[in-house]
Amino acid sequence: MEQTSEGSTILPQEIIFEILLRVPVKSLLKFRCVSKSWFVLLSNPVFSKTHVHFCLKNPKLTDYRLAVVASVYGLGRKCNFYNMGFENPCLSVARNSCPAKSLAISARILGSCNGLICLTSDSFTVMLLNPCTGKFNVFPDSMLRSNGSGGDGSGVGCFIRYGFGYDASFEDYKVVKIFSFPHIEGRYENMVNVYSLKAQSWKMIEGFNSGSLNGKVGVFVNGALHWEACHSHCSGSFWEIVTLNLAAERYGKIALPSYEDGDVYWTLSVSRGYLVGCCNYEKNKADVWVMKEYGVEESWTKLVTISLPVDRRAYILPLFVAENCDEFLLQLGEELALYNSRDGSYKRLDGYSSGDYFHQAQATTYFESLASPHMK
């Protein structure tokens with residue numbers, strides 16, 4: 001370490017780099033004003049990528065957040081942001097100082113990855129947004145002309161599914177759009193378009209056949225997108241996970257854990273880097289599972305069986321699982337709730353839309369990062 005003429009110590013750039021990786025993003029944004037050298041360092045894409053990698057490898061040191069997109073009566077559609085933390089040491093959710101972002105009435109969340117949120121800003125465009133830095137990028141959505149479908153392929157007989165993730169091999173963010181057409185015997189023919197942020201263009205890749213892709217939004221884990229798929233037959237139905245590796249553009253399947261007979265509905269999510277599955281039963285209960293070792297089907301571990309509220313009108317989607325696996329942030333239709341497995345209690349997050357009445361709500365969790373929605 002060097003010393004100035006006044007005798008003070010100057011830390012090497014490498015040590016400063018390592019220290020700043022552990023600093024909250026909002027502080028990093030302020031630290032850009034410290035000096036020209038710090039501005040250059042913190043504006044460097046290399047630091048941003050390293051910071052994202054550090055957050056992924058150190059979930060205990062990562063600040064997780066919640067984004068909610070909802071239609072507010074009289075005010076259109078808004079995207080609100082919330083802090084997630086622990087108090088004594090319970091999981092808590094509080095409104096973020098970041099102001100709500102106004103969106104088109106048709107806007108909805110398409111996924112989140114590395115601190116970026118992907119959503120539709122209207123019927124013909126897609127937006128990548130970093131809520132922490134306020135930077136965003138808007139580009140055209142993919143269109144598919146087909147018999148019996150509308151301009152975006154979402155007409156009669158076609159179902160639209162999306163996904164958003166990061167291709168680490170090419171350091172490229174990608175948006176996936178699936179046009180799913182009913183085929184025969186409960187099978188679906190899926191045509192797939194992929195948008196490359198680096199190339200700034202859409203391309204069609206090889207499609208695939210599957211059961212009904214019930215997940216409207218793919219879950220990004222370990223370099224791949226995941227959708228829950230249901231195969232229906234006259235003798236019954238079974239569920240599995242369909243995957244798309246973004247780097248290899250290769251499809252795969254992952255078996256879900258065993259579940260009881262009867263009518264079930266699976267939902268998928270990601271929490272702190274782990275793939276989470278929730279088996280919703282018609283008899284007012286749901287099992288929450290986590291895949292502790294990605295790709296190893298034997299590593300599916302049941303975390304909790306949740307007794308659902310009597311007035312439940314929708315399936316459960318776990319948005320976040322606390323490290324102690326005792327507390328869960330759940331989405332139940334258009335409501336958000338904190339569930340404590342120690343006493344089986346629910347705490348509905350009333351007023352998470354500032355007291356406004358809302359409908360058609362969607363939510364996703366993300367972590368604070370310096371990731372850019374633009375490729376440099």
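No gaps in the numbering here: position 346 of the sequence shown is 346 in the UniProt record's numbering, and each next residue is one more. Where a beta carbon is used, it is the ideal one built from N, C-alpha and C, also for glycine. Keep in mind that this is a model prediction, so the values were computed, not measured.
Could you tell me the boundaries of the alpha helix (DSSP H) in which Ala37 lies? Reading the sequence as shown, one finds Ser at residue 37 and not Ala. Run containing Ser37: 36–43, per the alpha helix (DSSP H) assignment.
Runs of beta strand (DSSP E) wholly within the stretch 204–270 (minimum 3 residues, chain order): Positions of the beta strand (DSSP E) runs, each at least 3 residues long and wholly inside the stretch 204–270, are given as 219–221, 224–233, 236–245, 250–254 in order along the chain.
Exposure label - Arg22; buried when at least 16 CB within 10 Å: exposed
Give the range of the beta strand (DSSP E) segment to which Ile178 is assigned. 172–182
Between the Cα of residue 384 and the Cα atoms of Glu249, Val69, Ser142, which residue gives the shortest distance? As displayed, the chain neither begins before 1 nor continues past 376, which places residue 384 out of reach and without an answer.
Measure the Cβ-Cβ separation of Gly111 and Val217 and say whether it is below 8 Å. For Gly111 and Val217, yes; Cβs fall inside 8 Å.
Per the DSSP calculation, Arg95 is bridged to which residue(s)? Tyr82
Could you tell me whether the Cβ atoms of Ser271 and Pro318 are closer together than 8 Å? yes
Run through DSSP, which three-state label would Leu119 get? strand
Contact defined as beta carbons within less than 8 Å: I believe Val288 pairs with Val304. What is the distance between those atoms, to the nearest angstrom? 5 Å
Under 8 Å between C-beta atoms of Leu246 and Ala229: no
Would you be able to state if there are at least three C-beta pairs under 8 Å between the stretch 190–198 and the stretch 160–178? yes
By the DSSP assignment, the alpha helix (DSSP H) with Leu338 in it spans what residues? Leu338 -> not in any alpha helix (DSSP H); beta strand (DSSP E) instead, spanning 335–340.
As a quick exercise: from Asn222, Glu240, Ala67, Ser180, pick the residue whose alpha carbon is nearest that of Leu56. Asn222
If you drop the 5 nearest sequence neighbours on each side, which residues of the same chain put their C-beta closer than 8 Å to that of Leu119? Val69, Cys79, Leu103, Ala107, Arg108, Ile109, Leu110, Val126, Met127, Leu129
With respect to the beta strand (DSSP E) encompassing Lys302, which residues constitute its N-terminal and C-terminal limits? Looking at the DSSP string, the run of the beta strand (DSSP E) that includes Lys302 is 300–307.
Three-state class that DSSP yields for Ser169 in the structure shown: coil
Look up Leu28 in the DSSP assignment and say whether it is helix, strand or coil. Helix.
Leaving out five residues before and five after Phe181 in sequence, what residues of the same chain have Cβ atoms less than 7 Å from its Cβ? Taken in chain order, the residues that qualify are Gly157, Cys158, Tyr188, Glu189.
For Lys292 and Gly273, I'd like the C-alpha separation in whole angstroms. 10 Å
With the cut-off set at 8 Å, would you say Phe208 and Tyr251 are in Cβ contact? Yes, Cβ-Cβ distance for Phe208 and Tyr251 is below 8 Å.
By DSSP, does Ser345 sit in helix, in strand, or in coil? strand
Considering just the uninterrupted stretch of the alpha helix (DSSP H) at Leu20, what are its terminal residues? 13–20
With a cut-off of 8 Å on the beta carbons, I'd call His231 and Gly211 a contact; round off their distance for me. 4 Å
Is the beta carbon of Ser307 sitting closer than 8 Å to the one on Asn284? yes
Look at the alpha carbon of Ser37 and the alpha carbon of Tyr294, and state the distance between them as a whole number of angstroms. Distance between the alpha carbons of Ser37 and Tyr294 is about 40 Å.
Rounded to whole angstroms, what is the Cα-Cα separation between Ser96 and Tyr82? It is worth fixing the name first, because residue 96 is Asn in this sequence and not Ser. Cα to Cα, Asn96 sits roughly 4 Å from Tyr82.
Is DSSP giving Pro373 helix, strand or coil here? coil
Hey, out of His183, Tyr346, Leu275, whose CA is closest to Gln331's CA? It is Tyr346.
Going by the beta-carbon positions, is the gap between Val192 and Ile205 smaller than 8 Å? yes
Which of the three DSSP states, helix, strand or coil, is assigned to Glu297? Assigned with DSSP and collapsed to three states, Glu297 falls in helix.
Does DSSP put Val46 in a helix, a strand or coil? helix
Suppose the cutoff is 8 Å on Cβ atoms and the five residues either side in sequence are ignored; what does the same chain contact list for Glu6 look like? Per-residue confidence for Glu6 stands at a pLDDT of 49, beneath the threshold of 50, marking its modelled position as unreliable; the derived number appears in the next sentence. Cβ neighbours of Glu6 beyond the five flanking positions: none.
Top-ranked residue by Cα proximity to Val321, from Arg65, Leu20, His53: Arg65
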